[in-house]
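Colleague:
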Amino acid sequence: MKHQKPKISRLGEQAILLEWDFEIVPENLYWLLSVKKILREKVLKSKVELINTYNSLLINYGLSINVIYDDFLLLKQYDFASIKTEALETSTYKLPVCYDAEFGLDLDELAVATKLKIPELIALHTKPIYTVYFIGFLPGFLYLGGMDKRLRISRKKEPRKSVAKGAVGIAENQTGIYPNSSPAGWQIIGNCPVELFNPKFEIPCPFQTGDCIQFYAVDLAAHQRIKTEVEAGSYTLEKANL
Amino acid sequence: MSQVQVIKPGFYTSIQDLGRLQSACYGVPQSGAMDRLSAQKANLLLNNAEDAAVLEITMTGPELLFEAACQIAICGAHFEVVLNDSPLERSKAYTVASGSRLRFGGLKEGFRAYLAVSGGFLTEQVLKSRSQYAGITQKARLEKGDVLPYSASETRKSSTARVNFQDSGLFHSKIEVFKGPEFELLEEPLQQALFSKDFSIAPTSNRMATGFNELLPNTLKGIVTAPVIPGTVQLTPNGNLIALMRDCQVTGGYPRVLQLSEKGISALAQKRPGEEVGFELEGE
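Below you can see the structure in the form of structure tokens.
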């Protein structure tokens with residue numbers, strides 16, 4: 001795939017924004033992550049924070065803005081088309097989700113809206129391998145791509161004041177997991193007992209952009225067992241053998 | 243370790259430093275002092291490291307009991323402040339004796355004051371910062387009865403330090419901005435309105451965002467979720483202008499029409515609900 005030059009602009013005094021106008025597909029994400037790696041390792045001279053979204057890279061200089069202008073000129077000249085997609089160290093994880101009515105508050109509503117039966121909804125939600133595009137919105141909230149279009153539903157008309165930690169939701173063409181109890185406008189279909197964010201750890205979120213995730217259905221008993229393991233610190237994330 | 247006892251917390255007082263500058267990749271907000279310039283100035287007066295943790299005091303101040311001698315400096319908003327029975331000036335280092343009580347009274351100018359202590363407050367550090375934020379640190383702000391540790395050994399004898407800063411700009415109504423990534427997508431009358439209109443601070447404003455009461459006739463739709471940072475000014479489909487502040491999320495889906503300068507963020511942090519501001523394009 002041929003990638004154009006990004007639109008390069010300053011975001012205030014502390015950051016440079018690179019934006020591409022490309023389709024949101026995994027191939028483009030992995031190319032973007034390759035750009036991010038090369039900029040970090042070979043192009044930018046100072047320690048900066050680099051974050052990506054679907055089609056943007058933000059280079060945040062924080063307090064050390066003395067080199068930002070030089071970098072800005074350098075990036076304007078940079079030959080982005082020469083960057084090839086590299087093999088990145090990413091993993092695919094299997095995450096348990098309990099779709100029991102106790103957690104799946106909006107499964108009935110989703111079944112009506114999609115004209116599908118609940119077991120079919122669960123099958124469609126657990127089938128894809130989702131790609132983590134980036135983490136945002138809340139600490140540890142994964143922006144996942146790859147949801148089956150048949151599950152599409154609009155947000156709740158009245159957002160809930162609070163949903164449980166681990167609530168699995170759907171809104172428009174996206175699915176996601178609430179890492180902590182939070183107000184929520186998404187349709188809630190289940191609960192994932194695995195911890196997505198813990199500020200006590202040096203790396204507070206076990207997932208990173210570019211990782212893949214597949215859900216599998218568990219019953220209430222298994223959900224409780226895994227939750228107990230997670231709370232005791234004895235749970236290990238399950239990697240998929242692909 | 244010495245400590246400060248929180249007798250009364252005030253309206254919204256929290257521990258802040260310069261925030262978490264390497265955690266956005268996990269979706270963690272930066273946090274840190276809303277008016278960074280005033281927080282840095284308070285630290286400078288005490289020869290502290292620039293990232294030493296200070297108290298951010300909003301609208302009404304706390305009452306504090308110092309259990310050991312130290313030096314303090316207060317910068318930013320102008321409160322009436324009394325140490326035991328003597329009034330304190332702002333932007334000046336003072337020696338505080340063991341057992342002293344510090345009380346904040348009326349707010350005369352600005353909205354947020356910064357209290358630095360020699361050596362900085364040594365409260366819990368999470369993800370390389372002491373800045374309080376719900377869900378990251380144990381508490382989001384000070385509560386009655388909290389104790390804040392600091393190192394009394396950091397105390398220096400001389401208290402003659404005075405730092406000359408031009409900080410009066412923080413209390414002007416002009417807020418310095420740059421154009422945001424979606425500025426050019428706005429229709430021209432709307433671009434002009436951003437700089438010609440006055441905007442008043444909405445009462446819902448907090449450490450996450452400063453809202454404005456005026457509505458703009460917006461025709462722009464949302465954007466694909468993209469990076470935002472403190473100081474990014476978004477325009478919602480309803481025509482609401484929202485300036486993201488230090489506790490903002492790391493991504494957003496509204497057009498980013500302006501970006502406040504560092505000084506602009508600090509100046510906006512000093513505005514009270516109802517106060518009017520105007521945006522001024524930097525470098526033009």
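Chains as they are written, first to last, in our numbering: chain A, 1 to 242; chain B, 243 to 526.
All residues carry an ideal CB built from backbone N, CA and C; glycine is no exception.
Everything numeric in this text was worked out from a predicted model, so none of it was measured.
Using beta carbons (cut-off 8 Å, strictly below), is G377 of chain B in contact with chain A?
Modeller: Judged by the 8 Å Cβ criterion, G377 of chain B is in contact with chain A.
Colleague: If I follow the unbroken beta strand (DSSP E) through H320 of chain B, where does it start and stop?
Modeller: C312 to L325
Colleague: For F437 of chain B, would you say it is in contact with chain A, using Cβ-to-Cβ distances shorter than 8 Å as the test?
Modeller: no
Colleague: For T255 of chain B, name the three-state secondary structure that DSSP assigns.
Modeller: strand
Colleague: Return the CA-CA distance between R152 of chain A and A171 of chain A, expressed in angstroms with no decimal places.
Modeller: 7 Å
Colleague: In whole angstroms, what separates the C-alpha of K399 of chain B from that of T337 of chain B?
Modeller: Low confidence applies to K399 of chain B: its pLDDT is 48, below 50, so where it sits in the model is not reliable enough to give any reading.
Colleague: Return no unless some Cβ of chain A is closer than 8 Å to the Cβ of S273 of chain B.
Modeller: Not flagged as an interface residue toward chain A: S273 of chain B, since no C-beta distance is shorter than 8 Å.
Colleague: For chain A, check one thing: does any of its Cβ atoms lie closer than 8 Å to the Cβ of I417 of chain B?
Modeller: No, because no Cβ of chain A sits closer than 8 Å to the Cβ of I417 of chain B.
Colleague: For the alpha helix (DSSP H) containing I507 of chain B, name the first residue and the last one.
Modeller: E504 to A511
Colleague: Anyone know if the C-beta pair for G62 of chain A and E41 of chain A falls short of 8 Å?
Modeller: no
Colleague: What do you get for H414 of chain B, buried or exposed, if any count of 16 or more other CB atoms within 10 angstroms of its CB means buried?
Modeller: exposed
Colleague: Just curious, the alpha helix (DSSP H) that T337 of chain B is in, first and last residue?
Modeller: Counting along the chain, T337 of chain B falls outside any alpha helix (DSSP H), though it belongs to the beta strand (DSSP E) covering A335 to V338.
Colleague: By the DSSP assignment, the alpha helix (DSSP H) with V112 of chain A in it spans what residues?
Modeller: L107 to T114
Colleague: Under 8 Å, Cβ to Cβ, is there at least one residue of chain B near A222 of chain A?
Modeller: no
Colleague: Report, in whole angstroms, the separation of the C-beta atoms of G252 of chain B and F346 of chain B, which I expect to be a contact under 8 Å.
Modeller: 6 Å
Colleague: So, is the C-beta of L502 of chain B closer than 8 Å to a C-beta in chain A?
Modeller: yes
Colleague: If I measure Cβ to Cβ from E366 of chain B and keep anything under 8 Å in the same chain, skipping five residues before and after, which residues do I get?
Modeller: R372, T379 and Q380
Colleague: Alpha carbon to alpha carbon, how far is F441 of chain B from E202 of chain A?
Modeller: 41 Å
Colleague: Taking 8 Å as the threshold (beta carbon to beta carbon), is S34 of chain A in contact with chain B?
Modeller: By this cut-off, S34 of chain A is not an interface position.
Colleague: Compare the C-beta of Y143 of chain A against all C-beta atoms of chain B and say whether one is closer than 8 Å.
Modeller: yes
Colleague: Output, in chain order, the set of chain A residues within a Cβ distance shorter than 9 Å of I471 of chain B.
Modeller: L11, G12, Q14, A15, L58 and N60
Colleague: Is the shortest distance between the beta-carbon of C267 of chain B and the beta-carbons of chain A less than 8 Å?
Modeller: Taking Cβ atoms only, chain A reaches closer than 8 Å to C267 of chain B, which makes this a yes.
Colleague: For D259 of chain B, is the beta carbon positioned less than 7 Å from some heavy atom of the ligand HEM?
Modeller: This structure simply doesn't include the ligand HEM, nor any ligand for that matter.
Colleague: If we cut at 8 Å on Cβ distances, does V296 of chain B have a partner in chain A?
Modeller: no
Colleague: Would you mind working out which of B:L364, B:A376, B:Q313 and B:I507 sits nearest F420 of chain B, comparing C-alpha positions?
Modeller: B:I507
Colleague: Using Cβ-Cβ distances below 8 Å, what residues of the segment 129-156 of chain A are close to chain B?
Modeller: F134, I135, G136, F137, L138, P139, G140, F141 and Y143
Colleague: Exposed or buried, what is P193 of chain A when buried is set at 16 or more other beta-carbons lying within 10 Å of its beta-carbon?
Modeller: Residue environment for P193 of chain A: buried (at least 16 other C-beta atoms within 10 angstroms of its C-beta).
Colleague: To the nearest angstrom, how far is it from the Cα of S401 of chain B to the Cα of A511 of chain B?
Modeller: Only weak support exists for where S401 of chain B lies, its pLDDT of 49 falling under 50; the value from the coordinates is given anyway. About 28 Å.
Colleague: Mind pulling the chain A residues with CB within less than 8 Å of L263 of chain B?
Modeller: E49, N60, G62 and L63
Colleague: Is A294 of chain B helix, strand or coil by DSSP?
Modeller: It is coil, neither helix nor strand.
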